[in-house]
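The next block holds one structure in the form of structure tokens; read it before the comments.
In my numbering, the protein residues as written are 259 to 366.
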């Protein structure tokens, strides 16, 4: 259905997908993350919030660029034995999962 120029769909996503998106909205910034990623996270959170209220997008969501992912991967590897490293790994994986869910319901 088209409402005010925005395509709105019924609740097509699974309960687990909805829980993942809601968890992302409550995700705290990991200690090892730089502020440039924090801004991108806020940007993505805006889309997730609108997605949860029924809006769908024709945008392709990519969690991180290749260079960003390599930097994050190095940081995770160096800090894997610490709680901060594990928090960063959870952040990266959850962010990638959220992008995958948003892309799954992409409007063509």
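Beta carbons: idealized from backbone N, C-alpha and C, even for Gly. Bear in mind the structure is a predicted one, so any value in this text is a computation, not a measurement.
Candidates 329, 315, 344: closest to residue 366 by CA position: 315
Beta-carbon proximity of residue 352 to residue 290, cut-off 7 Å: no
Close beta carbons around residue 343, own chain, < 6 Å, minus the five adjacent residues each side: Correct list, in chain order: 334, 337.
CB contact flag (residue 357, residue 303, <7 Å): No, they are not a contact pair.
Nearest neighbour of residue 278, chosen from 313, 332, 355, 364 [CA to CA]: Of the candidates 313, 332, 355, 364, the residue whose Cα lies closest to the Cα of residue 278 is 355.
Status (buried if at least 16 other CB within 10 Å, exposed otherwise) for residue 301: By the neighbour-count rule (16 or more Cβ atoms within 10 Å), residue 301 is not buried but exposed.
Given residue 283 as reference, the closest of 362, 341, 324, 305 once Cα atoms are compared: 305
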